[in-house]
Amino acid sequence: MAELQPENPYAPDRFPDPAKKVEFSLEAKRRFDDLLPRYPTRMAVLLPTLHLAQEEWGWISPEVVVYVADLLELSPATVFGVVSFYNMYNQRPVGKYHLQVCTNLSCMLGGAYDIYDRLQEKLGIAPGETTADGRFTLVEVECLGSCDTAPVVQVNNDYHEGLTMETTERLVDGLK
Amino acid sequence: MDPIKVLTANIDKPDSTSIDTYIDGGGYEALKKALSMTPVAVTEEVKSSELRGRGGAGFPTGMKWSFVPKNAPKPTYLLCNADESEPGTFKDRLLIERDPHLLLEGMIISAYAIGSCSMAYIYIRGEFHYGATVLEKAMSEARERGFLGTNILGSGFDLDITVHRGAGAYICGEETGLIESLEGKRGQPRVKPPFPAIVGVFGGPTVVNNVETLACVPLIIGRGADWFKSFGIPKNTGPKLYCVSGHVKKPGVYEFPMTINLKELLYEHCGGITDDRPLKAVIPGGASAPMLTPDEIDLPLTFDAVMKAGSMLGSAAIIVMNDSVCIVDAVWRLAKFFAHESCGQCTPCREGTHWMEAILDRIERGEGRQQDADLLLDMADNIGGKSLCALGDAAIGPVISSVKKFRDEFLHHVTHKSCLPGTKRYRRLGAVAAH
Ligand SMILES: Cc1cc2nc3c(=O)[nH]c(=O)nc-3n(C[C@H](O)[C@H](O)[C@H](O)COP(=O)(O)O)c2cc1C
Ligand code: SF4
Ligand code: FES
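Chains as they are written, first to last, in my numbering: chain A, 202 to 377; chain B, 3 to 437.
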C-alpha cells in the first residue's frame, strides 16, 4: 500500500486551490470518452482516468483529484483514497526522469542496492527526493517482473535491464 | 530432460507479435474448432486435460469454469490476471510481449466456454506499459480479422476485450483485490464466500485466470487433452514456464514438461551457480514460497511434489541464493516487500508484517535478542490463517522456513553482532527506509 504523505496532511497545499482550475486537453478528453463505454460503471473508469491525468500533468494534484471526481461523479475523498492506495500515482510532482530502482531479492542479489546508493550520491538526493533542477526523482520500487535481467531500473515508462555501475552512470548521463 | 517449445513456440520468430506470424504457425485454428463445439464440450476438454492454474494456487481450471452458474441475471466476466507482481516471476510478461495472440486466442475460447460473457478484461500491472501497447495492437489486428467483436467468425458469439492497467499494488494480483481494483476502488480483497464465480466483478459471475493458464487453452483445444496430458504426470500436466533468477549463470524463462527436476534445471540448464559457489537456498515458487535447502532440491517441479517438500510451486518463480548470501538480509528484503504490500485491511497482516520486517532489521544490525528467532515464529503463527486473504500466509513462508532451516545463522547475528563469516549483506545499513 502506498504510504500517505508523511508530512502534515492538513498543510494548505494538500487542499485544492479554487483559483487553479484544471481541464483535460482535447486529446485527453477524446481518450476519456473512449474509455467510458468499455466499463459498465463510471467508477470503474477511475484508474484509467487517473493514468490519463498523470500523463497530462505528471502528478495527481489536489485540483486534479477534484476534477477527476467531478468527471466520474465521485467524491474527492473517494478519488483521493484510490490515489493514495496505488504506488504509481504521484502525490507530489516528480522530475522529468523518474528513476525507479528495483531492489527486490533478485535485483538485490545482482547489486541493486549498490546502484541505488551510487545514484543517491551522484544526484545528491535522498530516496524519494527530486534534484533541484527538477530533472531526476529517485525511488526504490518492488519487483518489476524482470528478474532474469537484474538489476533493473525503470525510467518513466521504460525498463533498463541488466545494469552495472558503469551502464547506470552512462544511462543517467545520457538523460538530458 | 530436454527443454520444449510449446507455449514458447512463437517467441523467437521474427515479428512474433504480428497476427500473420501467429496464423502462419497455425494460430486461431483452435478458436475455429472451439466455436464448432458446444461451450460445455470445450469446458469438458479443459477439465480432462487436468490443466491447473498457473497463477499460484494450482486450482483446476475446467472445474473453476464449471462453477459459473448458467443463466445468471447479470453478465459473466472473464478476467485475465496479468498483474505478475510476485517477486521472481516474469513469465507472463514474456508471453504478452512476444506472443500476445496466444493469450488473446486463449481468452476468446475461454470466454466462449464460460458462456454469457461479452466483455473480458486483461488486468495488466501498470509498469508493463510496453506489454499493454503490444496487446492493444494485437487486439486491433484480431478485430480486423473478425476474431474479436460481434458475431465472431459467423458463430453468433460476441466478445470484446479491454486492457486495464493497474497502478502498482501487488495485492491486486489476488483475485478479489483485482476485482475491487477493476471496479475503480482500493484493491482490498473481499471476504469469501461468495466466490467470484458466483458474485465477482460488477456483481456478475466472474472467472479470474492467469496469463499462462489462458495461453494453455488453445493448445488443449487445438491438439486435444490427451496430447496436453502427455507432458507431465497425472494431476500435474502440461508444458510449464519456469522463471529462474538470482545466483545462476543463465537466468531466464525455461519451458519444460512439469516433471523437470529442480536440481537438474539449475545445474544442467541454467549453467550452475554463480561464481561456482555452493548453493545455499532456493525459493521454488516466488517470494511467498518457503525456502528449500540444497539437500531438498532433488525433486520434480510439480505442484504436488513441491508441496510435499513443504513449499509450493506457486508461480514457478525460482530464486537461487549461493553461499555468499546472508540469509537474514535476504529474508528481511522479502519481509519488507510484504509489509509494503499489505493492503492494511486486517490487523494481523498489517501490523505483523511490519513487526517482522523490523525484527529482521534489528537482527541484521546486530541489535537482536536471543529470543528473536522464536519471536518471529510466534508472530508468524499469529498471522498465518488469521488474515483475510492469502497475502498474510504468503508473508510468513520465507520467515518460518528460514528461521527453522538457518537458526544458527540468526543466532550468530545476535551473539557476534555480524553476519556469518563468508556471507555478505547486499544492502548498506543506512537509516531505516521509509515505505
Ligand atoms: C497476494 C497474492 C498475489 C497474487 N498475485 C497474482 C498475480 O500477480 N498473478 C496471478 O496470475 N495470480 C496471482 N495470485 C493468484 C490469484 O489470486 C488467482 O488465484 C489466480 O489469478 C487464478 O488464476 P489461475 O487459476 O489461472 O492460476 C495472487 C494471489 C495472492 C494471494
Ligand atoms: S491479509 Fe493482508 S493483504 Fe490480505 S486483506 Fe488482510 S491486510 Fe490485506
Ligand atoms: S527483483 Fe527486480 S525485477 Fe524482480
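Beta carbons are placed, not taken as given, at the ideal position from N, Cα and C, and that holds for glycine.
- Your pair B:ILE320 and B:PRO286 checks out as a contact, with CB atoms roughly 6 Å apart and the cut at 8 Å.
- Within the region 398-423 of chain B, no residue has its Cβ closer than 8 Å to any Cβ of chain A.
- Close partners of B:LYS187 in chain A (Cβ separation under 7 Å): VAL283.
- Between B:PHE130 and B:ALA84, the gap from beta carbon to beta carbon is short of 9 Å.
- The region 250-261 of chain B and the region 296-311 of chain B touch, with three or more beta-carbon pairs separated by less than 8 Å.
- At a cut-off of 8 Å, the beta-carbon of A:ALA212 does not count as near ligand 2: no heavy atom of the ligand is closer than that.
- Residue environment: A:LEU376 is assigned as exposed (fewer than 16 neighbouring CB atoms within 10 Å of its CB, all protein chains considered).
- Its Cα nearest to that of A:GLY335, the residue A:TYR298 stands out among A:TYR298, A:VAL265, A:PHE225 and A:ARG215.
- Collapsing the DSSP output to three states places B:ASN324 in a strand.
- Interface annotation, B:ALA36: not in contact with chain A, CB-CB separation never under 9 Å.
- Going by DSSP, B:MET381 is part of the alpha helix (DSSP H) stretching over 374-385.
- For A:THR338, the enclosing beta strand (DSSP E) covers residues 337-342.
- Within chain B, the residues placing a beta-carbon under 8 Å from that of A:HIS252 are GLY128, ARG167 and ALA169, ordered along the chain.
- Against chain B, a Cβ distance below 8 Å from A:VAL246 picks out GLY186.
- Along the region 91-116 of chain B, the positions whose C-beta sits under 8 Å from a C-beta of chain A are THR91, PHE92, ASP94 and ARG95, read in chain order.
- For the region 249-279 of chain B, the set of positions with a beta-carbon nearer than 8 Å to some beta-carbon of chain A reads HIS249, PRO253, GLY254 and VAL255 in chain order.
- Per DSSP, the beta-bridge partners of B:PRO302 are B:ASN263.
- Runs of alpha helix (DSSP H) with 4 or more residues, each lying fully within the region 217-244 of chain A, are found at 227-236, listed in chain order.
- Under the Cβ criterion of 9 Å, A:GLY259 is not counted among the residues facing chain B.
- The Cβ atoms of B:PRO89 and A:SER307 lie closer than 9 Å to each other.
- If you check the C-beta of B:GLY90 against ligand 3, you find a heavy atom less than 8 Å away.
- Counting along the chain, the unbroken alpha helix (DSSP H) around A:GLN255 starts and ends at 247-258.
- For B:VAL136, no Cβ of chain A is located within less than 9 Å of the residue's own Cβ.
- In the same chain as A:ASN305, and ignoring 5 residues on each side of it, the C-beta atoms closer than 7 Å to its own belong to GLU343 and CYS344, in chain order.
- Under the Cβ distance rule, A:GLN355 counts among the residues neighbouring chain B, one pair being separated by less than 9 Å.
- Not a single C-beta of chain B is nearer than 9 Å to the C-beta of A:THR369.
- Secondary structure note for B:ALA122: its beta strand (DSSP E) is the uninterrupted segment 121-126.
- At a cut-off of 9 Å between C-beta atoms, A:TYR268 does not count as an interface residue with respect to chain B.
- Against B:ILE321, the close residues of chain A are LEU306 and SER307, in the order they occur along the chain (beta-carbon pairs closer than 7 Å).
- In the three-state DSSP reduction, B:ARG429 falls in the coil class, being neither helix nor strand.
- Neighbours of B:TYR244 across chain A, judged by C-beta separation under 8 Å, do not exist; the nearest C-beta is about 11 Å away.
- By the criterion of a C-beta distance shorter than 6 Å, B:ASN12 is surrounded in its chain by SER18, GLY27 and ASP101, once the five residues flanking it on both sides are discounted.
- In terms of Cβ geometry, B:LEU81 and B:ASN211 form a close pair [threshold 9 Å].
- Identification of chain B residues near A:TYR287 by a Cβ-Cβ cut-off of 9 Å yields GLY128, GLY168, ALA169, GLY170, ALA171, CYS174, SER183, ARG188 and GLY189, ordered along the chain.
- In the three-state reduction of the DSSP assignment, B:HIS415 falls in the helix class.
- Taking a Cβ-Cβ cut-off of 7 Å, A:ASN291 has no neighbours in chain B, whose nearest Cβ is about 11 Å from it.
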